[in-house]
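Chains as they are written, first to last, in our numbering: chain L, 9 to 387; chain E, 474 to 993.
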């Protein structure tokens, strides 16, 4: 073969292979950002999405028109299914915007970005007192506003983020023309099974990977690992206050968030997430029970100050569901897991359904089984 | 500008290539070479324009020193030579070692001396060594006087400027002076583009993906709580391969780039992890640095002509200084010292074998043992090379011999079934680290080992087209060991393969990462 012909054919191969890989990534859509068609056995489960949940939750809902947003961290992401019959009956579109590990300010920024773009009428906001803890040995709070999250189209105060289009272009390029995307697309099509981690097209995390880990390692092992991590984390000097007496800035972020929502006539239901008794034992062991009580009263004060249309429900306190005993290690029940919890800090969808039934019992006719309404600004 | 960046691949390189070839078409070779000098200075100045002054000053100064030595009588020539070498070493010492010496001197005298941190200009070690070798050869009467433009291109030719290969004037300048065949551009594009693509793949796909298994151990704030036998070995092996694929990938890209302009660079790596002795390793690893240290340090010190003790101490000093060349830190000194000891032990062992006259050296089991001990010694020494401090290196080495126990992720342990039970019985504990990270590290290291230990290198595949310059025609016994039918030739299959390498490299451009050897 002549060298000239070789050079031309190599260039053609480069273009063809590049187009093929780009098309492949778009069709497989491993991070669920393009909302490409989900084909059973091919790309239904997004097994590699766990490290890309944030961009996914920024871009995925853009092609939807949610009326209701479920906002919070990984607990609501795994507990609240937008396809819940009651939610589906009441609203045309529900999207789960829960993001694992997201701070209060990040959750607020993500939600407000959608409020400014979509016809959002209601927000279900799951809160956890652990998100509001600060290290008490730090001198004072950080003075800053809600973050200008660079990928969002709108900043929390409603201004357009001018770098959004450039960042979106770069992100889309990465999702199509990057080796990471290609590897993740390939893994996605090879990991189409009922134990793959995934997110539904409405942002819900069915926690299939937790189910897999439980069936292999047993729920005792999962609890043990998680409790070890939690104890390590919460053994530090956590508090709601800094050394100089300032309260955690996360309360300001919550208050600002609720104010913005009130200004846009968005109804809000704030609720605390249920936690297993092992978690509460740990909280008691590391002397954080008073901090929890302080957190609850602070949230009530904020809701009182903000006004608007806000209801506050508490599901974290004592109930029959949180006392579920762990089975004997190594037994079939151990591999099956608990009925209501994946591990001490994450409840299952079945418990989330009960919370929905409680909060919307009058609209859907369900029977409240646990939880209590603490405060309501409704007249 | 990095080789693995959009601006280099899609802007700088095509423009430079087009200008160069258009000038060649117009029949002006000297102007074409001048365009390469200008492009190289722009390439260097892209990081920090101020450094252009430094490299220009260095080139002009050394060119003048060289011219003076050629013209002066022997006595004056000697003075100019000493001044020239001293200026080069002083400049290098100032930028690279001043902080190190001041810090250590402070410790020694117990006083707090302070010297503002001096920023190390990129590639200063490389272009200083190239010019020292030129001055030495001029003084020895082994170099001619060249035109300044040719000399400048020898020093700053952009493919080899930042991280080598450390080129020698004898192999570069004759190439600039010969006549260029314009018809060769398609052949050069095919060969250079292919070698560049493979280098890009090695760096961005293999080396960068290995780095994620290195940092958690080597760069963590504190590792005592988390490190154990397995994590220490996995991270060290990952670094062993990361460094090889990173640096040899860079060298391949440099060789490929130079070939696009019809220039052939010297070989810098020849499958070093296949070496069956430390002596063999240094013949294959960073070959142009080893050659420099041998010709301009080891041999002038007396080399092997000064008896066994003298030879071993020369080797040790050479490697100690070689270590210090890599960076101003005790870690590098220890790393160099270790290799000096390894080399001495290697020569000592060879001498014993020679005396015993027992012929077992060609036995496969013996060779396998030699290969294994060589590889493990090299990996062991890399701990000092990579660790941010001597203390961290000691912690990692202690973990590698089981000093911090044996532990595997619980998620992985329970999946091992009976084997997991046996491991626990043997004292292996379970921890809460990620099982998938552990498993993927093992797979990545195995894949990298497979390529490094069993695959021929890129130059063996391209052997038919003389891709690099060797010191001797038979420098390596396996140089021509690839069967003729696997040798590279222009074909649709090879075109598709090259395209795959390039596209994989292209897909990583969005996640640009620096080359490890840039810091030297």
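Glycine included, every Cβ here is placed at the ideal spot set by N, Cα and C.
Backbone CA spacing between residue i and residue j [nearest angstrom]
{"i": "residue 197 of chain L", "j": "residue 976 of chain E", "result": "21 Å"}
{"i": "residue 154 of chain L", "j": "residue 123 of chain L", "result": "Bear in mind that the predicted position of residue 154 of chain L carries a pLDDT of just 48, short of 50, making it unreliable; the figure below should be weighed with that in mind. Their Cα atoms are separated by approximately 15 Å."}
{"i": "residue 581 of chain E", "j": "residue 640 of chain E", "result": "38 Å"}
{"i": "residue 968 of chain E", "j": "residue 21 of chain L", "result": "7 Å"}
{"i": "residue 954 of chain E", "j": "residue 703 of chain E", "result": "36 Å"}
{"i": "residue 169 of chain L", "j": "residue 179 of chain L", "result": "15 Å"}
{"i": "residue 902 of chain E", "j": "residue 883 of chain E", "result": "8 Å"}
{"i": "residue 650 of chain E", "j": "residue 717 of chain E", "result": "34 Å"}
{"i": "residue 375 of chain L", "j": "residue 363 of chain L", "result": "10 Å"}
{"i": "residue 794 of chain E", "j": "residue 809 of chain E", "result": "7 Å"}
{"i": "residue 191 of chain L", "j": "residue 181 of chain L", "result": "15 Å"}
{"i": "residue 156 of chain L", "j": "residue 120 of chain L", "result": "Note on residue 156 of chain L: pLDDT 48, under 50, position unreliable in the model; the coordinate value appears next. Taking the straight line joining both Cα atoms gives about 12 Å."}
{"i": "residue 2 of chain L", "j": "residue 48 of chain L", "result": "Look at the range of chain L in this structure, 9 to 387, and you will see that residue 2 of chain L is not part of it."}
{"i": "residue 595 of chain E", "j": "residue 733 of chain E", "result": "24 Å"}
{"i": "residue 253 of chain L", "j": "residue 259 of chain L", "result": "14 Å"}
{"i": "residue 755 of chain E", "j": "residue 933 of chain E", "result": "19 Å"}
{"i": "residue 956 of chain E", "j": "residue 929 of chain E", "result": "11 Å"}
{"i": "residue 766 of chain E", "j": "residue 919 of chain E", "result": "33 Å"}
{"i": "residue 891 of chain E", "j": "residue 897 of chain E", "result": "10 Å"}
{"i": "residue 847 of chain E", "j": "residue 701 of chain E", "result": "24 Å"}
{"i": "residue 857 of chain E", "j": "residue 303 of chain L", "result": "50 Å"}
{"i": "residue 776 of chain E", "j": "residue 935 of chain E", "result": "35 Å"}
{"i": "residue 80 of chain L", "j": "residue 722 of chain E", "result": "45 Å"}
{"i": "residue 824 of chain E", "j": "residue 949 of chain E", "result": "22 Å"}
Given residue i as reference, the closest of the options once Cα atoms are compared
{"i": "residue 217 of chain L", "options": "L:199, L:367, L:310", "result": "L:199"}
{"i": "residue 496 of chain E", "options": "E:654, E:725, E:838", "result": "E:654"}
{"i": "residue 12 of chain L", "options": "E:725, E:963, E:527, E:970", "result": "E:963"}
{"i": "residue 945 of chain E", "options": "E:627, E:605, E:644", "result": "E:644"}
{"i": "residue 567 of chain E", "options": "E:806, E:800, E:978, E:804", "result": "E:800"}
{"i": "residue 719 of chain E", "options": "E:691, E:689, E:682, E:694", "result": "E:682"}
{"i": "residue 106 of chain L", "options": "L:262, L:130, L:134", "result": "L:134"}
{"i": "residue 271 of chain L", "options": "L:239, L:255, L:317, L:171", "result": "L:317"}
{"i": "residue 1016 of chain E", "options": "E:844, E:602, E:872, E:786", "result": "Only positions 474 to 993 of chain E appear in this structure, which leaves residue 1016 of chain E out of reach."}
{"i": "residue 93 of chain L", "options": "L:361, L:366, L:67, L:370", "result": "L:361"}
{"i": "residue 488 of chain E", "options": "E:499, E:511, E:548", "result": "E:511"}
{"i": "residue 85 of chain L", "options": "L:96, L:58, L:97, L:73", "result": "L:58"}
{"i": "residue 228 of chain L", "options": "L:325, L:344, L:165, L:202", "result": "L:344"}
{"i": "residue 91 of chain L", "options": "L:46, L:214, L:232, L:108", "result": "L:214"}
Under 8 Å from the C-beta of residue i: neighbouring residues of chain L
{"i": "residue 475 of chain E", "result": "In chain order: nothing, as chain L lies at least about 16 Å away."}
{"i": "residue 983 of chain E", "result": "178, 181, 182, 185, 186"}
{"i": "residue 905 of chain E", "result": "233, 236, 237"}
Chain E contact residues for residue i, given Cβ-Cβ distances below 8 Å
{"i": "residue 11 of chain L", "result": "659, 660, 662, 663, 963"}
{"i": "residue 198 of chain L", "result": "Near residue 198 of chain L there are no residues of chain E at all, since even the closest Cβ is about 14 Å away, more than 8 Å."}
Proximal chain E residues relative to residue i, where beta-carbon distance stays under 7 Å
{"i": "residue 14 of chain L", "result": "663, 963, 968"}
{"i": "residue 17 of chain L", "result": "965, 968"}
{"i": "residue 364 of chain L", "result": "Going along chain E, no residue has its Cβ under 7 Å from residue 364 of chain L, so there is no contact; the nearest lies around 32 Å."}
{"i": "residue 22 of chain L", "result": "972, 975, 976"}
Per-residue contacts from residue i into chain L (C-beta, under 7 Å)
{"i": "residue 678 of chain E", "result": "187"}
{"i": "residue 496 of chain E", "result": "Per Cβ cutoff of 7 Å: no residues; residue 496 of chain E is ~21 Å from chain L at best."}
Residue i at chain C interface by Cβ criterion, 8 Å
{"i": "residue 979 of chain E", "result": "Absence of chain C from the displayed structure is noted, the protein chains being L and E."}
Exercise. Scan the segment 222 to 249 of chain L for residues whose Cβ lies nearer than 7 Å to a Cβ of chain E and list them as they occur along the chain.
Key: 224, 225, 229, 233, 236, 237
Quiz item: Mind pulling the beta strand (DSSP E) runs of 3 or more residues that sit fully within the segment 53 to 99 of chain L?
Solution: 76 to 79
Practice problem: Identify each residue in the segment 178 to 190 of chain L for which the Cβ-Cβ distance to at least one residue of chain E is less than 9 Å, and report them in chain order. | Solution: 178, 181, 182, 185, 186, 187, 188, 189, 190
Self-check item: Residues of the segment 915 to 926 of chain E with Cβ closer than 9 Å to any Cβ of chain L, in chain order
Solution: none
Quiz item: What residues from the segment 941 to 975 of chain E come within 8 Å of chain L, judged by C-beta to C-beta, listed N to C?
Solution: 962, 963, 964, 965, 967, 968, 969, 971, 972, 973, 975
Quiz prompt | Members of the segment 269 to 285 of chain L near chain E, C-beta cut-off 7 Å | solution = none
Quiz prompt | Residues of the segment 621 to 638 of chain E whose Cβ lies closer than 7 Å to any Cβ of chain L, in chain order | solution = none
Practice problem: Select from the segment 325 to 359 of chain L all residues with a C-beta closer than 9 Å to any C-beta belonging to chain E, and list them in chain order. | Solution: none
Quiz item: Quick one: complete alpha helix (DSSP H) runs, 4+ long, within the segment 748 to 832 of chain E?
Solution: 751 to 757, 760 to 766, 780 to 799, 803 to 829
Exercise. Kindly provide the ranges of any alpha helix (DSSP H) runs that are 4 or more residues long and lie completely inside the segment 190 to 238 of chain L, ordered along the chain.
Key: 216 to 225
Quiz prompt | alpha helix (DSSP H) segments (min. 4 residues) lying fully within the segment 279 to 321 of chain L | solution = 285 to 293, 297 to 314
Practice problem: Could you name the residues of the segment 43 to 56 of chain L whose beta carbon sits closer than 9 Å to any beta carbon of chain E, in the order they occur along the chain? | Solution: none
Quiz item: Taking Cβ-Cβ distances below 8 Å as the criterion, which residues of the segment 718 to 744 of chain E are in contact with chain L?
Solution: none
Quiz prompt | Contact list for the segment 881 to 892 of chain E against chain L, Cβ threshold 8 Å | solution = 883, 884, 887, 888
Quiz item: Between the segment 128 to 140 of chain L and chain E, which residues of the former have a C-beta closer than 8 Å to a C-beta of the latter?
Solution: none
Quiz prompt | Secondary structure, alpha helix (DSSP H): runs of 4+ residues fully inside the segment 849 to 906 of chain E | solution = 863 to 873, 883 to 886, 891 to 898
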